[in-house]
Amino acid sequence: MQPFAFVDLETTGTTASVDRITEVGIILVDGPNIQEWSSLINPETRISAFIERLTGITNQMVAEAPTFADVAQRVFQMLEGRLFVAHNARFDYGFLKQSFKRQGYDFQATTICTVKLSRRLFPGHPKHNLDSLIERHGLQVNGRHRALADAQLIHQFWQKIQQQIPPAKVAAAVKALTGRPSIPTHLNEQILDSLPQGPGVYLFYGENELPLYIGKSMNIRQRVLSHFTSDVSSAKEMSLSQQVRRIGYIETGGEIGALLKEAELVKKLQPTHNRKLRRNNELCSILLKETGAGLHINVAYARDLDFGRQSNLYGLFKSLREANKVLADLADGHELCKAIIGLEKVKPGKPCFARQLKRCRGGCVGEEPLVAHSMRLMAALSSLRFNSWPFTGPAYLKEDGDLLVIDNWAYLGTAKTEDELWQLLDSPRPQLDKDSYRILQKAIKSLQPIIDPAK
Ligand SMILES: [Zn+2]
């Protein structure tokens, strides 16, 4: 839980530049721990009779009290790094800021105004002054217009809304008022502080230790925090941040390691909030075959064929359906003949469907030479060309102290010691997947073959 300070002041008047503080009341809330502090303050100026009557704080009462200068350091330390919650926060914050400034302190805090918060959460009510809140929420009054008593009322109001309003809605309102992250109520802020600031993968767990989301970043802490600061209008992010109970992480030597680990874990753990649950068993590619009647397209599955060792594959598709779609679009775009390449069945010598619309150059009816069609097909496919694995055996990529071990474009794991390296090399080879292939294309130049001394 984020540390809060519920604050109320009594003053000699309403103008921060002229008037002075006569009493400070502070409630510090750290999760379940609550600490109250208050002190009368000698304003070093006269309190008017009107204010004496309103607050009950008289000139006589403050005569022996410490001045703000006497308590400034203590109050500053109490409030530092906390969310400053006050009723009409601008007033209290402004007075404190001015008073601190006179003592040479630059006081900065993110404020939550409970007037604004109440207005936002209970828009149907016209009044949001403290007396209205007392009545509406049945707050317990231990005094009025005294600093600590009023701070207690604000704190009570805060507790009431936690009971009455769904956490996501409170968080959204707080976020809108403060413009800063509202740390999920179920997360300890220390967890966030303990996150590393280097590259790696982070895992959000919900109740029952279910993985909710896996992400990667070059700065784990920053990225995790950004989940809680993203736009309030993102209902998805809001729902995710409200479900998080625990955050785990795996540090990596660099970006490629983080990307590969993320892809591996998303597939393995299938977190509910990762948009694409990439299933791998339908992974396929296109194999070109000369049939005697032109180059024909065959679909090959990664589960059947060792793609890394092939030199004539085009594209990686998550399913046959996706492969057919890409091919059909390609044929349309290049006026290729779907009958020749095998996407459409027609009797020999008969025009394909596209030919009838003059969108095939006529290979099917002998109007385009087959060799010309084949060359156009190859050119159209060239951008999809699958890179065969450039080594005879496994390879590694070094990132900081990490050795990323790869074979046939499949990520075997990360080794930090030589023992771990040999263990990985002995492990069963995972099937090629589209993500690691794509990630590794960016890093081809950094790959080094592993020479196995046993061979
Ligand atoms: Zn045709």
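Position in the sequence shown counted from 1, then plus 535, gives you our numbering. Heads up, the beta-carbon is just placed ideally off N, CA and C, and yes, glycines get one too.
So residue i is in the beta strand (DSSP E); what residue range does that whole segment cover?
| i | result |
| --- | --- |
| residue 607 | Residue 607 -> not in any beta strand (DSSP E); alpha helix (DSSP H) instead, spanning 603 to 614. |
| residue 541 | 539 to 546 |
| residue 564 | 556 to 565 |
| residue 783 | 781 to 786 |
| residue 589 | Unbroken run through residue 589 is the alpha helix (DSSP H), 584 to 590; no beta strand (DSSP E). |
| residue 574 | 568 to 575 |
| residue 620 | 618 to 621 |
My assumption, with CB atoms under 8 angstroms, is that residue i sits in contact with residue j. Please give the rounded CB distance.
| i | j | result |
| --- | --- | --- |
| residue 873 | residue 879 | 4 angstroms |
| residue 890 | residue 867 | Not quite, the Cβ-Cβ distance comes to about 13 angstroms (not below 8 angstroms), so this is no contact. |
| residue 937 | residue 792 | 5 angstroms |
| residue 858 | residue 819 | 6 angstroms |
| residue 649 | residue 619 | Wrong, their Cβ atoms sit about 11 angstroms apart, outside the cutoff. |
| residue 735 | residue 935 | Contact flag wrong, Cβ pair sits at about 11 angstroms. |
| residue 688 | residue 627 | Incorrect: roughly 13 angstroms between the Cβ atoms, too far for contact. |
| residue 730 | residue 756 | 4 angstroms |
| residue 816 | residue 844 | No, residue 816 and residue 844 are not in contact; Cβ-Cβ is about 20 angstroms, not under 8 angstroms. |
| residue 561 | residue 572 | 5 angstroms |
| residue 638 | residue 682 | Not a contact, Cβ separation roughly 19 angstroms. |
Following the continuous alpha helix (DSSP H) through residue i, name the residue where it begins and the one where it ends.
| i | result |
| --- | --- |
| residue 702 | 702 to 713 |
| residue 672 | 665 to 672 |
| residue 795 | 790 to 804 |
| residue 646 | Element bounds for residue 646: not the alpha helix (DSSP H) but the beta strand (DSSP E), 645 to 648. |
| residue 841 | Premise fails: residue 841 is in no alpha helix (DSSP H) and is neither H nor E. |
| residue 627 | 624 to 637 |
| residue 971 | 969 to 976 |
| residue 685 | 682 to 699 |
| residue 888 | 888 to 891 |
| residue 594 | 594 to 597 |
| residue 873 | 873 to 876 |
Who are residue i's beta bridge partners in DSSP?
| i | result |
| --- | --- |
| residue 478 | Absent from the structure is residue 478, since the part of the chain shown begins at 536 and ends at 990. |
| residue 849 | 821, 920 |
| residue 830 | 825 |
| residue 751 | 736 |
| residue 983 | 931 |
| residue 835 | 820 |
| residue 746 | 740 |
Buried or exposed, going by whether 16 or more other CB atoms sit within 10 Å of the CB of residue i?
| i | result |
| --- | --- |
| residue 855 | exposed |
| residue 576 | buried |
| residue 921 | buried |
| residue 806 | buried |
| residue 810 | exposed |
| residue 663 | buried |
| residue 549 | exposed |
| residue 892 | exposed |
| residue 745 | exposed |
| residue 641 | exposed |
| residue 1061 | Any property of residue 1061 remains undetermined from this structure, which presents the chain solely from 536 to 990. |
| residue 539 | buried |
| residue 751 | buried |
| residue 589 | exposed |
| residue 888 | exposed |
| residue 943 | buried |
| residue 846 | exposed |
| residue 569 | exposed |
| residue 929 | buried |
| residue 698 | exposed |
| residue 578 | buried |
| residue 659 | exposed |
| residue 1029 | Any property of residue 1029 remains undetermined from this structure, which presents the chain solely from 536 to 990. |
Is residue i close to ligand 2? I mean its beta-carbon at under 7 angstroms from any heavy atom of the ligand.
| i | result |
| --- | --- |
| residue 898 | Ligands displayed in this structure: ligand 1; ligand 2 is not among them. |
Runs of 3 residues minimum, wholly inside the segment 913 to 960: which ones carry the beta strand (DSSP E) assignment? 930 to 934, 937 to 942, 945 to 950
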